[in-house]
Amino acid sequence: SIPSDFLTAKQQLVVDTKRQRPNGPSYQSTSHPPPRTTDAGTTPAVRKRYLGSAGKRARFVSPLQKPPTEESGGETGGGNGGQDFGYYNLSGGLNKKPPRADRSGSTSKPSSAAPEEPVDERLRNIEPRMIEMINNEIIDRSPSIAWEDIAGLEHAKTAIKEIVVWPMLRPDIFTGLRGPPKGLLLFGPPGTGKTLIGKCIASQSGATFFSISSSSLTSKWVGDGEKMVRALFAVARCNQPAVIFVDEIDSLLTQRTDGEFEASRRIKTEFLIQFDGCGTTTDDDRILVVGATNRPQEIDEAARRRFRKRLYIPLPEADGRKTIVKNLLKKQKNALCEDEIDQLCKLTEGYSGSDMDGLCREAAIGPIRSIGDIRKISADDVRPMTFDDFQQALTQ
1 SIPSDFLTAK QQLVVDTKRQ RPNGPSYQST SHPPPRTTDA GTTPAVRKRY
51 LGSAGKRARF VSPLQKPPTE ESGGETGGGN GGQDFGYYNL SGGLNKKPPR
101 ADRSGSTSKP SSAAPEEPVD ERLRNIEPRM IEMINNEIID RSPSIAWEDI
151 AGLEHAKTAI KEIVVWPMLR PDIFTGLRGP PKGLLLFGPP GTGKTLIGKC
201 IASQSGATFF SISSSSLTSK WVGDGEKMVR ALFAVARCNQ PAVIFVDEID
251 SLLTQRTDGE FEASRRIKTE FLIQFDGCGT TTDDDRILVV GATNRPQEID
301 EAARRRFRKR LYIPLPEADG RKTIVKNLLK KQKNALCEDE IDQLCKLTEG
351 YSGSDMDGLC REAAIGPIRS IGDIRKISAD DVRPMTFDDF QQALTQ
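Its first residue numbered 1, the sequence shown is counted upward by one per residue in full-length UniProt numbering.
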C-alpha cells in the first residue's frame, strides 16, 4: 500500500515552487517553466535579438562585417565599394591579415599612420629573425687589449696593422693595388695567441666585430644554414667596416668529400660564394674575414685560396716567454728577480703562451698552500710568490 504522505516528482516540484515564490501564481502544470514576472506582477517585455546590428525593419547587416572607419568614409567594405564577409572582400579579394586579438580578447588593428622603418636593400630578402640572431654575435664592448699585451710575435703584429688597422683608418689611401685582402688566416700550434690577436683586432680596429663559430651558422632545419651565412655577410655589409672572426675555422670549412652530409656542403659553398663570389662582393666592401686554426691542412683548398694573407703564429721564444711572465706578474705580489725570471724561461723551453699562463696560475696557489687555516688570515698577510713556487709548479 502507498503511504498517504507520498508525493510524486511532479507534485514535489509544485510544492518547491510555492515555497520559493509564495506570492506568485500557482501552476499545476509544469510542462513549461513559469514565465518571469516583475515586482508589479506583470510579464516584462521580451526584446527580440537579431544576428545583424540593425533594427527589425532595417536591411540586413552582416555581424562579421568590419565596423565603419574614418578612412572608409563611414561605409563598410573598407571604402572600396565591396562588402566584407568574414575576412574576404568581394571586390578586393582576401585581406592580408585578420585583426589580432590581445590577451584580453579584444581585437586591435595596427595603425597605418605609424611610419615604417627604412629597410636596407641588402637586407630585403633576409628573414628578420636571422638578422636578429646575427646581430647578437656582434661584440658591442670590445675587450681592451693593446698590441703591447701580446708578447713577441712582432712580425705578425706588424702585418696585421698593415692589412687590418691602417686600411680601416684611412680607406682613401688604401685603394687599388694597395687595397687590403679580404681574408686573413692565422695558423699555428695551440695556445700561441691566435684568439688573443683576434680580440686585439676587435679592440684596436674600431670596426664592427663579429665573433662567429660553427654553431652560429648551423641549424637543425635544412636550408637555414645557408640563409644564416647569407644573413651574416649582408649584415656585415650594412655595418662596414666589419671584421668577421671565425675561431677554429677548420670545423666550418673542412675539405669537401663525396660522403659528406649535403647540408654541410651547402653551407661551405654558400660561405665561399659570399666570401668572394660573383655578384656578392665589390672592391669597395671593407669586410675582412679572419680565421684561426691549428689544423690548416684540413681546410678546403678553395677556402685557403681566398685567404690571401696567411700568418704563422709560432711558439714564443725566450724573450716572448719572459714578456708573458712579466705581464702576468704585474698585478701579483712577487719576489722574483731578473735572474730568476731568465732561469725560469730556460726551464720552460717549448712552452706555449697558454702553458706559461697555466704555470703562473699554478705558482700563485703556492703561497695559499703554505697557510694552515685561510679563514683566519687577511689578504695582506699572504706572502709574495717566490721562485720556489714556480719550481714546485713545474713538477705538478
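Using N, Cα and C, we set each Cβ at its ideal position, and we do this for glycine too.
Query: Thinking just about the alpha-carbon of each residue, which of PRO190, LYS194, LEU177 and THR175 is nearest to the one in LEU184?; Result: LYS194
Query: Measure the alpha-carbon distance for ILE324 versus CYS200 and round it to whole angstroms.; Result: 16 Å
Query: Evaluate VAL165 with the Cβ neighbour count: other Cβ atoms within 10 Å of its Cβ, from every protein chain shown; 16 or more gives buried, anything less gives exposed.; Result: buried
Query: Grab me the residues of ARG266's own chain with a C-beta within less than 6 Å of its C-beta, minus the 5 sequence neighbours each way, in chain order.; Result: GLU226
Query: Taking 7 Å as the limit between beta carbons, can you name the residues of its chain near GLY188, skipping five residues before and five after?; Result: LYS194, ASN294, TYR312, ILE313 and PRO314
Query: What's the gap between the Cα of MET385 and the Cα of ARG122?; Result: 57 Å
Query: From ALA151, GLY358, ASP381 and GLY372, pick the residue whose C-alpha is nearest to that of GLY396; which is it?; Result: One detail in the question is off: residue 396 reads as Gln in this sequence, not Gly. The residue with the shortest Cα to Cα distance from GLN396 is GLY358.
Query: Secondary structure at GLY188, three-state DSSP: helix, strand or coil?; Result: coil
Query: Hey, LYS268 and ARG256: beta-carbon distance below 8 Å or not?; Result: yes
Query: Select from PHE174, SER216 and LEU328 the residue whose C-alpha is nearest the C-alpha of ASN135.; Result: SER216
Query: Quick check on DSSP: helix, strand or coil for THR257?; Result: coil
Query: Does the Cβ of GLU270 have 16 or more other Cβ atoms within 10 Å, making it buried, or fewer, making it exposed?; Result: buried
Query: On the CB-based measure, 16 or more other CB atoms within 10 Å of its CB, does ALA318 come out buried or exposed?; Result: exposed
Query: Who are the near neighbours of GLN332 in its chain, counting only those whose CB is closer than 7 Å to its CB and skipping five residues on each side?; Result: ALA364 and MET385
Query: Hey, quick one: how far does the beta strand (DSSP E) through THR17 stretch, first residue to last?; Result: Element bounds for THR17: not the beta strand (DSSP E) but the alpha helix (DSSP H), 9 to 20.
Query: Anyone know if the C-beta pair for ALA242 and ALA234 falls short of 8 Å?; Result: no
Query: For ASN135, does the three-state DSSP call read helix, strand or coil?; Result: helix
Query: Roughly how many whole angstroms lie between the Cα atoms of THR254 and PHE209?; Result: 24 Å
Query: Can you check which of these residues, ARG124, GLU137 and SER205, is closest to SER144 by C-alpha distance?; Result: SER205
Query: For the alpha helix (DSSP H) holding VAL229, just list the boundary residues, first then last.; Result: 224 to 238
Query: Three-state secondary structure (DSSP) at ILE365?; Result: coil
Query: Apart from the five residues on each side of it in sequence, which residues of its chain come closer than 8 Å, Cβ to Cβ, to LEU7?; Result: VAL15
Query: Mind reading off the beta-carbon distance from ASP250 to GLU298? Whole number of angstroms is fine, and I expect it under 8 Å.; Result: 5 Å
Query: Near PHE307, which residues of its chain fall below 6 Å by C-beta distance, leaving aside the five closest residues on each side in sequence?; Result: GLY183 and LEU185
Query: Looking at the structure shown, is ILE287 part of a helix, part of a strand, or coil, going by DSSP?; Result: strand
Query: From what residue to what residue does the beta strand (DSSP E) around ILE212 run?; Result: 208 to 212
Query: Determine which residues share a DSSP beta bridge with ALA292 and list them.; Result: LEU186 and ASP247
Query: Can you tell me whether ASP339 is buried or exposed? The criterion is at least 16 other CB atoms within 10 Å of its CB, across all chains shown.; Result: exposed
Query: Grouping DSSP H, G and I as helix and E and B as strand, with all else coil, what is ILE299?; Result: strand
Query: Are the Cβ atoms of GLN343 and GLY366 separated by less than 8 Å?; Result: no
Query: With DSSP collapsed to three states, give me the class of LEU315.; Result: coil
Query: Taking 8 Å as the cut-off, decide whether the C-beta atoms of GLY198 and GLY353 are in contact.; Result: no
Query: Our contact map puts CYS360 next to LEU328 with C-beta atoms below 8 Å; I'd like the distance itself, whole angstroms only.; Result: 5 Å
Query: So, for ILE377: in the same chain, excluding its five sequence neighbours on each side, which residues have a beta-carbon less than 8 Å away from its beta-carbon?; Result: ILE371
Query: When you compare only the Cα positions, how much space is there between GLU148 and THR158?; Result: 12 Å
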